[in-house]
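Engineer: Residue numbers (the UniProt record's numbering), protein chains in the order written: chain A, 1 to 221; chain B, 1 to 221.
The beta carbon of each residue, even a glycine, is placed where N, CA and C say it ideally should be.
Here the structure is a predicted model, which means the values were calculated and not measured.
Number of protein chains: 2
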Amino acid sequence: MDAKAMFSFSYGLYVVSANDGENVGACLINTALQVTGDPLQVAITLNKQNHTTQVVKAAEHFTLTVVSKTADMPFIGRFGFKSSADVDKFEGITTKTSLLFDPYTPEHACAMVCCAVVNTIDLGTHVMFIGEVCDAERVSDEEPMTYAYYHSVLKGKTPPKASSYIEGEDPTKPVVPVSAPKHHFRCNICGYVYETTDEELPADFRCPVCGVGPENFTKID
Amino acid sequence: MDAKAMFSFSYGLYVVSANDGENVGACLINTALQVTGDPLQVAITLNKQNHTTQVVKAAEHFTLTVVSKTADMPFIGRFGFKSSADVDKFEGITTKTSLLFDPYTPEHACAMVCCAVVNTIDLGTHVMFIGEVCDAERVSDEEPMTYAYYHSVLKGKTPPKASSYIEGEDPTKPVVPVSAPKHHFRCNICGYVYETTDEELPADFRCPVCGVGPENFTKID
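1) Closest to Ala3 of chain B by C-alpha separation, out of A:Phe7, A:Asp38, A:Glu22, would be which residue?
2) If we call anything under 7 Å between Cβ atoms a contact, is Leu13 of chain B one with Val67 of chain B?
3) Which runs of the beta strand (DSSP E), 3 residues or longer, sit entirely within the UniProt domain "Rubredoxin-like" (182-220) of chain A?
4) My understanding is that Val15 of chain B touches Ala5 of chain A, with C-beta atoms under 8 Å, so please give their C-beta distance in whole angstroms.
5) Tell me which residues of the segment 34-46 of chain B have at least one Cβ-Cβ distance to chain A shorter than 9 Å, keeping chain order.
6) Along the chain, which unbroken stretches of the beta strand (DSSP E) at least 3 residues long are found entirely within the segment 62-128 of chain B?
7) Excluding the 5 residues flanking Thr70 of chain A on each side, which residues of the same chain have their C-beta closer than 6 Å to its C-beta?
8) Met1 of chain B and Asp198 of chain A: beta carbons closer than 7 Å?
9) So, is the C-beta of Asp141 of chain A closer than 7 Å to a C-beta in chain B?
10) In the structure shown, what three-state DSSP assignment does Thr36 of chain A receive?
11) What are the boundary residues of the alpha helix (DSSP H) that Tyr149 of chain B is part of?
12) Could you check if Thr146 of chain A is buried or exposed, using at least 16 other CB atoms within 10 Å of its CB as the buried criterion?
13) Classify Lys82 of chain B: buried if its beta carbon has 16 or more other beta carbons within 10 angstroms, exposed otherwise.
14) Apart from the five residues on each side of it in sequence, which residues of its chain come closer than 6 Å, Cβ to Cβ, to His184 of chain A?
15) Mind checking whether Phe129 of chain A and Ile29 of chain A have CB atoms under 7 Å apart?
16) Could you tell me the boundaries of the beta strand (DSSP E) in which Val16 of chain A lies?
17) Would Lys89 of chain A and Phe75 of chain A qualify as a contact pair, given that the criterion is a beta-carbon distance under 7 Å?
18) Run down chain A in chain order and give the residues with a C-beta less than 7 Å from the C-beta of Pro144 of chain B.
19) Given Arg186 of chain A, which residues of its chain have a CB within under 7 Å of its CB, disregarding the five upstream and five downstream residues?
20) Taking Leu201 of chain A as the reference, which of A:Glu215, A:Val153, A:Lys155 has the closest Cα?
21) Any beta carbon from chain B within less than 7 Å of Asp204 of chain A's own beta carbon?
22) Where do the N-terminal and C-terminal ends of the alpha helix (DSSP H) with Val56 of chain B fall, by residue?
23) Using three-state DSSP, classify Ala162 of chain B as helix, strand or coil.
24) Report the rounded CA-to-CA distance for Ser163 of chain B versus Val87 of chain A, giving the unit in angstroms.
25) Which residue comes first and which comes last in the beta strand (DSSP E) that contains Val139 of chain B?
26) From Ala59 of chain A to Asn19 of chain B, what distance separates their C-alpha atoms?
27) Can you tell me the Cα-Cα spacing of Asn188 of chain A and Val35 of chain A, whole angstroms?
28) Are the C-beta atoms of Ser179 of chain A and some chain B residue less than 7 Å apart?
29) I want to see whether chain A comes within less than 7 Å of Val66 of chain B, judged by CB atoms only; does it?
30) Considering only C-alpha positions, which residue in the set A:Cys27, A:Phe62, A:Leu33, A:Leu40 is nearest to Gln49 of chain A?
31) For chain B, find out if any of its Cβ atoms is closer than 7 Å to the Cβ of Ala5 of chain A; answer yes or no.
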């Protein structure tokens with residue numbers, strides 16, 4: 001069996017957010033899909049360890065935004081590589097409120113879909129929420145970001161808590177700059193590449209995307 | 001509410017096939033995704049009216065192939081616009097048998113994944129099968145076909161039984177040939193465009209992709 005076969009599955013990239021009245025959760029996923037047209041229903045899967053999962057469970061609703069190709073690694077890092085338990089992911093960006101009071105950002109978004117949870121399915125490490133769409137809106141005409149684009153162009157990595165994570169395997173190709181007078185360090189956690197003239201990263205260096213220290217960086221040239 | 005917001009969701013294209021010992025079913029879907037990494041589990045959704053759905057239910061296993069960009073409309077039509085109850089979809093193409101005895105074709109495929117059904121979820125018009133992966137193999141290095149590519153390049157349509165069908169709406173752009181000395185007729189069912197010097201289609205004309213007659217074609221120039 002070759003688990004790498006799973007790398008040819010195609011996905012989009014989405015932000016799931018929810019507000020249960022006490023807590024706000026938001027995170028990045030690639031596993032969202034329309035499952036029926038009448039009624040309009042959407043399925044999403046979330047890792048049970050995610051703070052957002054507990055907030056969606058308590059709120060019984062969530063809002064999904066379709067991430068556009070305009071999103072950069074700091075935006076991806078904000079929603080994908082940090083925990084809502086530690087930081088306010090909507091701080092410093094335009095924030096709107098959906099019909100069911102979930103916060104969401106129209107920045108780097110193609111569309112938003114607001115859903116009421118109608119079914120919850122235990123998948124072991126993950127949980128699937130089936131949501132009935134209560135509101136939907138096109139936010140921009142930008143092209144949706146696909147997971148393949150995220151891997152190939154942004155050089156992003158699959159975090160261990162993602163549905164499509166396979167241990168020891170990553171579809172990310174190594175970054176090989178064409179002409180590099182400077183040194184490049186690649187974050188092992190989120191894939192961010194830092195360029196510097198220094199031979200080593202300083203001890204107090206922190207990844208601008210996911211926040212880890214220099215011990216999590218690999219020098220790639 | 002603008003249901004067209006759902007058009008920005010990204011999908012791949014997959015063939016689901018199963019053999020329950022008495023019947024063989026195979027059909028094209030866009031709703032397949034990995035839902036957990038350990039154990040490796042995959043979710044698919046199928047319309048209850050599909051013959052393949054009954055075969056998967058009876059077999060309690062299915063095989064999924066990831067369709068590659070090399071697939072043409074006749075291949076798409078074979079699996080997407082006909083019923084396994086009427087035709088043998090594997091006739092005339094290379095056919096292999098998976099670990100759980102489902103037929104599948106390595107033609108126009110990137111990968112195959114063979115799954116045992118571990119959970120069945122009723123979604124109303126559709127049913128979701130959660131399968132645990134028993135075998136997986138990379139079949140070719142071709143690029144996976146995305147649903148966006150199918151719509152934009154192959155000019156394919158979303159059949160009414162698909163999860164992502166929205167009544168009266170279709171993300172397909174009309175086909176406008178740059179220079180057309182001939183006449184073009186577009187199939188309302190599958191989107192196939194037929195080129196001819198005739199002003200009208202003969203009464204015995206049948207769509208080479210989905211098999212419908214001239215009453216289902218619209219002259220587009």
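Structural biologist: Let's see:
1) The residue you call residue 3 of chain B lines up with position 3 of the second sequence. Nearest to Ala3 of chain B by alpha-carbon distance, out of A:Phe7, A:Asp38, A:Glu22, is A:Asp38.
2) Walking along the second sequence from the start, residue 13 of chain B turns up at place 13. Walking along the second sequence from the start, residue 67 of chain B turns up at place 67. Less than 7 Å divides the Cβ of Leu13 of chain B from the Cβ of Val67 of chain B.
3) Entirely contained in the UniProt domain "Rubredoxin-like" (182-220) of chain A, the beta strand (DSSP E) runs reaching 3 residues are, in chain order, 183-187, 193-196, 217-219.
4) By 1-based counting over the second sequence, the position of residue 15 of chain B is 15. By 1-based counting over the first sequence, the position of residue 5 of chain A is 5. Taking the Cβ atoms as the reference, Val15 of chain B lies roughly 14 Å from Ala5 of chain A, outside the contact range of under 8 Å.
5) Here the close residues are Gln34, Val35, Thr36, Gly37, Asp38, Pro39, Leu40, Gln41, Val42, Ala43, Thr45.
6) For the segment 62-128 of chain B, whole beta strand (DSSP E) runs of length 3 or above, ordered along the chain, are 109-122.
7) Here residue 70 of chain A refers to the residue found at position 70 of the first sequence. Contacts found: His108, Glu142.
8) Stepping through the second sequence from its first residue, residue 1 of chain B is reached at position 1. Stepping through the first sequence from its first residue, residue 198 of chain A is reached at position 198. The answer is no: Cβ separation not under 7 Å.
9) Walking along the first sequence from the start, residue 141 of chain A turns up at place 141. No, no contact with chain B.
10) The count along the first sequence starts at 1 and reaches residue 36 of chain A at position 36. Strand at Thr36 of chain A.
11) As a first step, residue 149 of chain B must be located in the second sequence, where it is residue number 149. Counting along the chain, the unbroken alpha helix (DSSP H) around Tyr149 of chain B starts and ends at 147-152.
12) Locating residue 146 of chain A in the first sequence gives position 146, counting from the first residue. Its Cβ being crowded by 16 or more others within 10 Å, Thr146 of chain A is buried.
13) Position 82 of the second sequence holds residue 82 of chain B. Per the 10 Å Cβ criterion, buried.
14) Working through the first sequence from its first residue, we reach residue 184 of chain A at position 184. Take His184 of chain A, set aside five residues on each side of it, and the residues of its chain with a beta-carbon closer than 6 Å to its own are Val193, Glu195, Ile220, Asp221, in chain order.
15) The sequence position of residue 129 of chain A within the first sequence is 129, counting from 1. The sequence position of residue 29 of chain A within the first sequence is 29, counting from 1. Contact flag unset, no.
16) On the first sequence, residue 16 of chain A is found 16 positions in, with the first residue counted as 1. Where Val16 of chain A is concerned, the enclosing beta strand (DSSP E) starts and stops at 14-19.
17) What you label residue 89 of chain A is simply residue 89 of the first sequence in a count that begins at 1. What you label residue 75 of chain A is simply residue 75 of the first sequence in a count that begins at 1. Contact flag unset, no.
18) In the second sequence, counting from the first residue as 1, residue 144 of chain B sits at position 144. Chain A residues near Pro144 of chain B: Ser8, Ser10.
19) Within the first sequence, the letter at position 186 stands for residue 186 of chain A. Contacts found: Val175, Val193, Phe217, Thr218, Ile220.
20) Mapped onto the first sequence, residue 201 of chain A falls at position 201. If we check each option's Cα against that of Leu201 of chain A, A:Glu215 comes out closest.
21) As a first step, residue 204 of chain A must be located in the first sequence, where it is residue number 204. Residue contact with chain B for Asp204 of chain A: absent (no Cβ-Cβ distance below 7 Å to any residue of chain B).
22) Numbered from 1 along the second sequence, position 56 holds the residue referred to as residue 56 of chain B. Start and end: 51-59.
23) In the second sequence, residue 162 of chain B corresponds to position 162, counting from 1. Ala162 of chain B falls in the coil class under three-state DSSP.
24) Start at 1 with the first residue of the second sequence, and residue 163 of chain B comes out as number 163. Start at 1 with the first residue of the first sequence, and residue 87 of chain A comes out as number 87. Cα to Cα, Ser163 of chain B sits roughly 36 Å from Val87 of chain A.
25) In the second sequence, counting from the first residue as 1, residue 139 of chain B sits at position 139. Taken as a continuous stretch (DSSP letters only), Val139 of chain B belongs to no beta strand (DSSP E), as it is neither H nor E.
26) Here residue 59 of chain A refers to the residue found at position 59 of the first sequence. Here residue 19 of chain B refers to the residue found at position 19 of the second sequence. CA-to-CA, the gap between Ala59 of chain A and Asn19 of chain B works out to about 42 Å.
27) For the purposes of this step, residue 188 of chain A is taken as residue 188 along the first sequence, with counting starting at 1. For the purposes of this step, residue 35 of chain A is taken as residue 35 along the first sequence, with counting starting at 1. The alpha-carbon of Asn188 of chain A is positioned some 35 Å away from that of Val35 of chain A.
28) Locating residue 179 of chain A in the first sequence gives position 179, counting from the first residue. Caution applies to Ser179 of chain A, whose pLDDT of 45 falls short of 50 and renders its modelled position unreliable; the value that the coordinates give is listed next. Not closer than 7 Å to any Cβ of chain B, the Cβ of Ser179 of chain A fails to qualify, so no.
29) Counting from one through the second sequence, the residue named residue 66 of chain B turns up at place 66. Closer than 7 Å: yes.
30) The count along the first sequence starts at 1 and reaches residue 49 of chain A at position 49. Nearest to Gln49 of chain A by alpha-carbon distance, out of A:Cys27, A:Phe62, A:Leu33, A:Leu40, is A:Cys27.
31) Residue mapping note: residue 5 of chain A aligns to position 5 of the first sequence, counting from 1. Closer than 7 Å to some Cβ of chain B, the Cβ of Ala5 of chain A qualifies, so yes.
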